[in-house]
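>
Numbering (the numbering used here), first residue to last: 5 to 574.
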């Protein structure tokens with residue numbers, strides 16, 4: 005069983021929230037992994053906790069951990085760099101520059117930082133950590149959980165003591181409160197054994213636990229920072245504000261309205277339904293399982309280990325190979341693309357102003373242009389079209405006299421191919437298709453290959469099905485075109501379902517391994533205006549002579565943002 009090392013802490017600025025949620029994860033996933041806790045602080049109270057297995061920081065390397073999870077707020081970047089030499093690193097709820105050095109960065113709780121160094125925002129993988137989940141009872145008292153700030157608690161008492169027709173329980177040293185409607189109760193890990201009708205707390209784990217449990221939650225902030233956080237999530241919480249700025253009379257009126265108004269409470273609770281610890285735990289397990297793909301990352305096209313991370317998103321990291329300039333992703337959560345009718349109707353119309361079917365005239369003209377090139381090389385034979393969409397290319401290929409067959413993952417599109425165009429199109433994934441040895445003279449893939457994760461695996465099957473002297477024709481984005489090279493924002497807009505964006509050079513490197521040689525290359529998406537925008541040259545953007553010169557030069561230097569090519573099997 006693999007070891008996973010969790011670095012966290014307890015007490016001082018950390019409270020008990022960080023270690024509690026990590027213990028929750030460790031307990032729930034102990035069937036799959038062995039969890040060992042540690043702290044950068046060798047004097048941490050964490051090492052006194054007999055309920056967990058722990059080791060000192062300098063002993064982590066000897067564990068040979070499969071993964072290191074750091075849930076310790078801000079950690080100096082030097083520690084993350086050091087840990088990265090031992091294993092892959094996931095950082096949770098950190099706001100420092102150390103995030104840039106981690107493999108995956110998860111925000112379980114929202115913060116007001118909008119860093120690009122975060123992969124997963126709340127509440128995709130948010131773990132809420134009560135061993136005893138909060139329970140709601142509309143006739144129960146209201147709980148006040150306000151930590152150790154005595155001034156904050158004083159302000160809260162000043163407010164709630166004036167709402168005499170509601171009972172309150174304040175987590176405080178157990179003694180007489182002096183108020184008929186307020187009871188003090190000692191802190192303990194099982195404060196949620198009893199049900200409550202609402203909870204007054206500050207921005208933190210407790211607040212989110214209560215919202216997940218459908219308990220109306222009010223925030224009273226101990227600091228301006230907490231108040232800024234509260235305001236950033238005002239759709240989830242009823243916010244009284246930063247306590248030093250709160251007018252008691254106004255707060256009494258506002259709190260009364262909230263506590264006795266079910267409609268207002270339900271509005272906030274409805275928004276909280278996106279928080280689900282069980283689903284988050286499933287995603288955490290998937291992320292941990294997939295971290296194995298992040299060890300010793302190499303370019304899938306040239307095999308170089310000289311790579312650089314360019315962008316993070318919710319399911320993957322985007323890397324660039326510094327040798328062949330291929331862009332490629334490593335996924336830790338499976339990408340989701342909806343290939344239902346919506347993809348071909350609403351989504352296509354939003355982008356192009358008409359549905360895919362309504363665009364058939366343009367798509368058919370494009371198919372003819374491609375087929376004219378192919379026919380000069382292979383005037384007859386059997387065509388396999390990978391990712392046939394709604395079949396307009398195959399339909400035209402049939403008109404050109406080719407025997408046709410297709411693969412299409414969308415049930416909607418493949419049904420259209422079979423039922424409307426009477427084409428032989430299989431509704432299956434590329435992995436599930438039954439490839440036959442040397443079956444096809446021509447295999448085509450128009451803007452499909454970039455969507456194939458583990459492309460070489462599928463490529464081997466494609467080559468197996470291609471006859472000797474057969475041709476492979478496809479179109480794909482150029483990850484090292486004008487935009488890929490010079491547009492600073494390009495990496496952030498590469499679609500998340502693009503597993504890679506190659507370029508003519510990197511494709512030659514990979515395909516030559518399979519005795520494929522490029523016999524036709526056409527740079528496309530060559531836009532002079534785009535060149536002028538990127539380099540701030542709008543003052544020459546209308547110059548027709550310069551436009552012609554740029555277009556010729558860009559095609560020679562493979563600066564098109566997309567390209568079409570034909571490879572021949574020798």
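Ideal placement from N, C-alpha and C gives every residue a C-beta, glycine not left out.
Every value quoted in this text rests on a predicted model; they were computed, and no experiment measured them.
Helix, strand or coil for residue 228 per DSSP?
It is helical.
> Can you check whether the CB of residue 427 is closer than 7 Å to the CB of residue 398?
Yes. Within cutoff.
> Please report the Cβ distance between residue 102 and residue 95, rounded to the nearest whole angstrom; I am assuming they are in contact, meaning their Cβ atoms lie under 8 Å.
At roughly 7 Å, the Cβ-Cβ gap stays under 8 Å, so residue 102 and residue 95 are in contact.
> Comparing alpha-carbon positions, which option in 166, 205 and 137 lies nearest residue 257?
When only C-alpha atoms are compared, the closest one is 166.
> Could you tell me which residues DSSP puts in a beta bridge with residue 481?
Its beta-bridge partners are 566.
> List in chain order: all unbroken alpha helix (DSSP H) runs of 4+ residues lying wholly within the segment 333-407.
Taking only runs of at least 4 residues, the alpha helix (DSSP H) segments lying wholly in the segment 333-407 are 345-348, 350-356, 364-381 and 396-403.
> Reducing DSSP to helix, strand and coil, say where residue 313 ends up.
If DSSP states are grouped into helix, strand and coil, residue 313 belongs with the strands.
> Going by C-alpha to C-alpha distance, which of 339, 122 and 547 sits closest to residue 294?
Per the Cα distances, 339.
> Residues in its own chain within less than 7 Å of residue 402 by CB, not counting five upstream and five downstream?
The answer, listed in chain order, is 408.
> Using the Cα positions of residue 122 and residue 443, report the straight-line distance between them to the nearest angstrom.
Rounded to whole angstroms, residue 122 to residue 443 spans 46 Å at the Cα level.
> Quick one, which of 392, 549 and 481 has its alpha-carbon nearest residue 503's?
Here the closest residue by C-alpha is 481.
> Just how far apart, CA to CA, sit residue 40 and residue 361?
Between residue 40 and residue 361, the C-alpha separation is close to 57 Å.
> What residue range is occupied by the uninterrupted alpha helix (DSSP H) comprising residue 532?
Residue 532 -> alpha helix (DSSP H) spans 532-538.
> Does the separation of the CB atoms of residue 333 and residue 320 fall below 7 Å?
Going by C-beta atoms, residue 333 is nearer than 7 Å to residue 320.
> On the DSSP bridge list, what partners appear for residue 221?
Looking at the DSSP assignment, residue 221 forms a beta bridge with 203.
> For the candidate residues 330, 290 and 289, whose alpha-carbon lies nearest to that of residue 308?
Measuring from the Cα of residue 308, the nearest candidate turns out to be 330.
> Output the distance between the C-alpha atoms of residue 350 and residue 341, rounded to the nearest integer angstrom.
For residue 350 and residue 341, the distance between alpha carbons rounds to 14 Å.
> With a Cβ-Cβ cutoff of 7 Å, do residue 445 and residue 474 count as a contact?
Result yes, Cβ atoms of residue 445 and residue 474 sit closer than 7 Å.
> Which term fits residue 549, buried or exposed, when burial requires 16 or more other beta carbons within 10 angstroms of its beta carbon?
Exposed, since its Cβ has fewer than 16 Cβ neighbours within 10 Å.
> Relative to the alpha-carbon of residue 465, which residue among 234, 388, 489 and 393 has its alpha-carbon at the smallest distance?
Of the listed residues, the one whose Cα sits closest to residue 465 is 388.
> CB-CB under 6 Å to residue 221, same chain, minus the five flanking residues each way: which ones, in chain order?
Once the five neighbours on either side are set aside, the close Cβ partners of residue 221 are 203, 211, 214, 215 and 241.
> Consult DSSP for residue 146 and reduce its assignment to one of helix, strand or coil.
Reduced to three states, the DSSP call for residue 146 is strand.
> Have a look at residue 125 and residue 206 and give me their C-alpha separation to the nearest angstrom.
Rounded to the nearest angstrom, the two C-alpha atoms are 20 Å apart.
> My assumption, with CB atoms under 8 Å, is that residue 508 sits in contact with residue 562. Please give the rounded CB distance.
Indeed, because the Cβ distance is near 5 Å, the residues count as touching under 8 Å.
> If residue 540 sits next to residue 570, beta carbons under 8 Å apart, how far is it from one beta carbon to the other, in whole angstroms?
So it is not a contact: roughly 37 Å between Cβ atoms.
> Is it a yes or a no for the segment 267-283 touching the segment 299-317, going by three-plus beta-carbon pairs under 8 Å?
As far as the Cβ criterion goes, the segment 267-283 does not touch the segment 299-317, which means the pair count is below three.
> Can you tell me which of the three DSSP states residue 528 falls into?
Strand.
> Measuring CB atoms only, is the segment 142-154 touching the segment 173-181, in the sense that at least three cross pairs come out at less than 8 Å?
The segment 142-154, when compared against the segment 173-181, does touch it at the 8 Å Cβ threshold.
> Could you please give me the residues that DSSP links to residue 429 through a beta bridge?
410.
> If the criterion is Cβ atoms closer than 7 Å, does the pair residue 138 and residue 217 meet it?
Against a cut-off of 7 Å, the Cβ pair of residue 217 and residue 138 comes out as a contact.
> According to DSSP, what are the bridge partners of residue 7?
Bridge partners of residue 7: 38.
> Here's the rule I'm using: 16 or more other beta-carbon atoms within 10 Å means buried, otherwise exposed. How should residue 243 be labelled?
Counting Cβ neighbours within 10 Å, residue 243 comes out buried, since at least 16 surround it.
> Are the beta-carbon atoms of residue 305 and residue 453 separated by less than 7 Å?
Not in contact: residue 305 and residue 453 (Cβ atoms no closer than 7 Å).
> Check for me: the alpha helix (DSSP H) holding residue 416 runs from which residue to which?
Per DSSP, residue 416 belongs to the alpha helix (DSSP H) from 415-423.
> Under a Cβ-count criterion, where at least 16 other Cβ atoms within 10 Å of its own Cβ denotes burial, should residue 197 be classed as buried or exposed?
Exposed, by the Cβ-count rule.
> Evaluate residue 326 with the Cβ neighbour count: other Cβ atoms within 10 Å of its Cβ, from every protein chain shown; 16 or more gives buried, anything less gives exposed.
Answer is exposed; the Cβ neighbour count stays below 16.
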